[in-house]
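Residues in the sequence shown are numbered from 9 upward in steps of one, following this note's numbering. Quick reminder that beta carbons are idealized off the backbone N, C-alpha and C, glycines included. Given the structure is predicted, the values throughout are model-derived calculations rather than measurements. The structure appears right after this line, and notes come after that.
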Amino acid sequence: MHRLNPVHLCALITLNLTIAFLPLQAQDAKLLNPLQESDAAFEERMAWFNEARFGMFIHWGAYSVLEGEWQGKPARGYAEWIQSKATIPRDAYREVAARFQPDKFDADAWIRTARDAGMKYFVITTKHHDGFCLWDSAHTDYDIVDHAGLDFDPLAQLSEACKKHGVRFGTYYSILDWADAANHSRVAKPADKEAYVRYMKDQVRELIEKYDTDILWFDGDWVDWWTLEDGADFYSYIRGLKPSIIINNRVSKRQKFKRDFGTPEQVTPGGDLGYDWEACWTINHSWGFKRADTKWKSTGQLIEKLSDIVSKGGNLLLNVGPRPDGTFPDGNTEQLLEMGKWLEVNGAAIYGTDSSKIPQPSWGRLTQKDKTLYLHVFEWPKDGQLVLDKLATPATTASLLGHAEEQALQIQTARNRVAISLPAQAPASPVPVIRLDFNAEITASVDQGDQPDLGEGDILLSARDAQITGKGPLALEEGQKNLGYWQSNDNTASWTFQNVSPDTLYAVELDYSLDPAYAGGHFRLDCGGSWCAGFVPATKNWNDYQGLHAGHIHVQDVGQATLTLKKQGGGQALLNLKAIILRRQ
9 MHRLNPVHLC
19 ALITLNLTIA
29 FLPLQAQDAK
39 LLNPLQESDA
49 AFEERMAWFN
59 EARFGMFIHW
69 GAYSVLEGEW
79 QGKPARGYAE
89 WIQSKATIPR
99 DAYREVAARF
109 QPDKFDADAW
119 IRTARDAGMK
129 YFVITTKHHD
139 GFCLWDSAHT
149 DYDIVDHAGL
159 DFDPLAQLSE
169 ACKKHGVRFG
179 TYYSILDWAD
189 AANHSRVAKP
199 ADKEAYVRYM
209 KDQVRELIEK
219 YDTDILWFDG
229 DWVDWWTLED
239 GADFYSYIRG
249 LKPSIIINNR
259 VSKRQKFKRD
269 FGTPEQVTPG
279 GDLGYDWEAC
289 WTINHSWGFK
299 RADTKWKSTG
309 QLIEKLSDIV
319 SKGGNLLLNV
329 GPRPDGTFPD
339 GNTEQLLEMG
349 KWLEVNGAAI
359 YGTDSSKIPQ
369 PSWGRLTQKD
379 KTLYLHVFEW
389 PKDGQLVLDK
399 LATPATTASL
409 LGHAEEQALQ
419 IQTARNRVAI
429 SLPAQAPASP
439 VPVIRLDFNA
449 EITASVDQGD
459 QPDLGEGDIL
469 LSARDAQITG
479 KGPLALEEGQ
489 KNLGYWQSND
499 NTASWTFQNV
509 SPDTLYAVEL
519 DYSLDPAYAG
529 GHFRLDCGGS
539 WCAGFVPATK
549 NWNDYQGLHA
559 GHIHVQDVGQ
569 ATLTLKKQGG
579 GQALLNLKAI
589 ILRRQ
């Protein structure tokens, strides 16, 4: 699928910006204004990223020393937010940072694990919100050498190991900095902002010149004093230093700025966003190491997540939070190597593939490359027949990846569908993959207009993911497309999701239908201490699905949140519900 250059998606490019560049090398003189990059040049620069599809994220720093606990008690929220969440005084936290002594750190082992897991790139937190730097910066003494006294350079070793093992090297850098006295939500004095922006530019120059970083991954863009124009200037400054580098959209305001790639966090969009993106996810809950956080996702769940994300045109950046000594948490390495074994067999269905125009099936996910569909089977059919609908192009052959000599599977084609005969016994694989080939361009037989239009920060809560409680007939209806029979006030449906930024406001939309004969019901939506309520208007019939703006909810904290929907009297039935969409404001 053709990727649009974000420069054509972002309203920012229409601004009349005066961009100051440092002198460019002679070979880079052709790069006049990075914000006006051609589609061809952009696609060439992003080609390796869209081929890669899978990378490793590392959250590791001074916060790792505390392992998510302060004064003998687990701190709420993510481990890397502990200075803020536990309200640790700045001087006390600096004492913690001085204890950062990773005596078991092995850069080569980290990158070999990433490589063997099938990951093609690597991103590490060089400066998180706490401001502590994982390199010997000439522009601060709050770093691993001047403050913690390390006698080695982790970033240099990691960069070298990445080059050795064929993995791209990336560096995370936070715009927010709690260690800087003037860097709060608002910067009171223009001189303070000017000095801090110069500090950031000087440090980013170090990351590029000392470690030859291929990716700059920014965060903390929500601070009030950082503007779209600031982000555009910073972006252009970086591209002037290294034109081939790629930069995530949090260099500016992520909701409006889409260069070079979007970064949904702890959430996967409901469909292809139309521009390059990667979803970053944790293996457990916290990003940094948290001793009390042992709710690990299974290897099967991680592989399904990889398939799901790639089927929608994105990359998975999977996070590991190493211990303070530099070792990975128990079990993480084994899980990653299991993913690598799966990719050894099924990598053709991931690397260099994209989303398909064919609607995603209920039994799994589809990825596509040229005239081949890869069918990622989450639910092996009990009757031995795997059916794919909505095909306007007839399939020619099918085979099971990794099966004995990738044996051919019998297929039967009919109008707009193909039925594949599978072995009765599912392969011993977390996600078996079937290759389906065509002799012509693969086209769908339906308009996909029924797919919700989702922005990067939006969250789709589908009917099939709801947790139903209470006495009553409420259930997931046949075909698993909607919740129905919602007649009892005792029933609730709940969804758990990840809120990734503090103080987030969401507009709530219901994708629903309601026959007029059953109308009159009222609803209430609760999320923590925030709620909204209202009346459900009728649609034409039970098959006429419409969108209803249900109100707003405000989620204050970063981390896991739960949204609950309940009927509150009136009407014989509340609604049939396909999904709830949370649109980040």
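Grab me the residues of residue i's own chain with a C-beta within less than 7 angstroms of its C-beta, minus the 5 sequence neighbours each way, in chain order.
i	result
V395	R425 and A427
D149	H155
L484	A471, R472 and L491
M347	A125, G126, T307, L310 and I311
T421	P402 and A403
P438	T307, G308, I311 and W350
L236	L20, S260, K261, K264 and F265
A300	G76 and P82
G178	Y129, F130, V131, T221, D222, I223 and W225
W550	S521, D523 and N584
Which word fits residue i, buried or exposed, when buried means at least 16 other C-beta atoms lie within 10 angstroms of its C-beta?
i	result
Q44	exposed
G174	exposed
H557	exposed
Q580	exposed
E286	buried
N340	buried
P162	buried
R513	The identity of residue 513 in the sequence shown is Leu, whereas the question assumes Arg. Exposed, because fewer than 16 other Cβ atoms sit within 10 Å of the Cβ of L513.
K264	exposed
R472	exposed
N24	Confidence at N24 is low in this model, with a pLDDT of 37, below 50, so the placement of that residue should be treated as unreliable; the coordinate-derived value is given next. Exposed, since its Cβ has fewer than 16 Cβ neighbours within 10 Å.
N447	exposed
E387	exposed
P481	exposed
L583	buried
P198	exposed
N499	buried
R206	exposed
Comparing alpha-carbon positions, which option in the options lies nearest residue i?
i	options	result
K489	S363, G329 and S370	S370
Q475	F505, E464 and N447	F505
I96	K81, L482 and D397	K81
D7	I223, V259, G248 and D222	Examination of residue 7 is not possible in this model, given that the chain is present from 9 through 593 alone.
R107	A422, S294, F140 and I589	F140
S429	K390, A187, S294 and P332	K390
D47	S72, P198, R267 and G178	R267
Y180	E217, P198, T133 and V212	T133
A49	D466, G567, S364 and I253	I253
K379	F386, K365, L351 and Y553	K365
C288	M64, R532, H137 and T451	M64
Y553	D397, N354 and L518	L518
D511	S538, Y520 and D534	S538
W230	L533, V508, T477 and V544	V508
A525	D534, G536, V544 and L281	V544
K135	D114, F160 and L224	L224
L166	M208, Q79 and I66	I66
N292	Q568, T572 and A587	Q568
Using 8 angstroms for Cβ pairs, my map puts residue i next to residue j. What's the rounded Cβ distance?
i	j	result
G76	A83	6 angstroms
P450	L381	In the sequence under discussion, the amino acid at residue 450 is Ile, which differs from the Pro named in the question. That belief holds up - the Cβ atoms of I450 and L381 are roughly 6 angstroms apart, short of 8 angstroms.
H137	D185	7 angstroms
Among residues of its own chain, excluding the 5 on either side of residue i, which ones have a beta-carbon nearer than 6 angstroms to its beta-carbon?
i	result
R373	S315, D316, S319 and H384
T290	N327
F29	Reliability of the predicted coordinates at F29 is poor, the pLDDT of 33 falling under 50, and the value obtained from them is presented with this limitation in mind. Excluding residues within five positions, the ones whose Cβ falls inside 6 angstroms are G248.
K93	A83, R84 and G85
D227	S182 and R258
R532	A541, K574 and Q576
D210	H147
G321	D280, D362 and S363
Check whether chain B comes within 8 angstroms of residue i, counting only Cβ atoms and requiring the distance to be less than that.
i	result
P110	Absent here is chain B; the protein component of the structure consists of one chain.
For residue i, collect the residues of the same chain with a Cβ closer than 8 angstroms to its Cβ; drop the 5 residues on either side in sequence, then sort them by chain order.
i	result
G577	N497, G529 and H530
D151	F140, C141, L142, W143, D144 and S145
R213	L249
D111	D333 and G334
Q393	A427, I428, S429 and L430
How about the stretch 155 to 173 and the stretch 120 to 134: do they share at least three Cβ pairs that are nearer than 8 angstroms? yes
Would you call the stretch 306 to 318 and the stretch 70 to 88 touching, i.e. three or more CB-CB distances under 8 angstroms? no
Can you confirm whether the stretch 399 to 410 touches the stretch 341 to 349 when touching is taken to mean that 3 or more C-beta pairs between the two stretches lie within less than 8 angstroms? no
Quick check: the stretch 98 to 105 against the stretch 138 to 156, are at least 3 beta-carbon pairs closer than 8 angstroms? yes
How about the stretch 551 to 571 and the stretch 432 to 444: do they share at least three Cβ pairs that are nearer than 8 angstroms? Not touching, per the Cβ criterion.
Kindly confirm or deny that the stretch 343 to 359 and the stretch 50 to 68 touch, where touching means at least three C-beta pairs closer than 8 angstroms. yes
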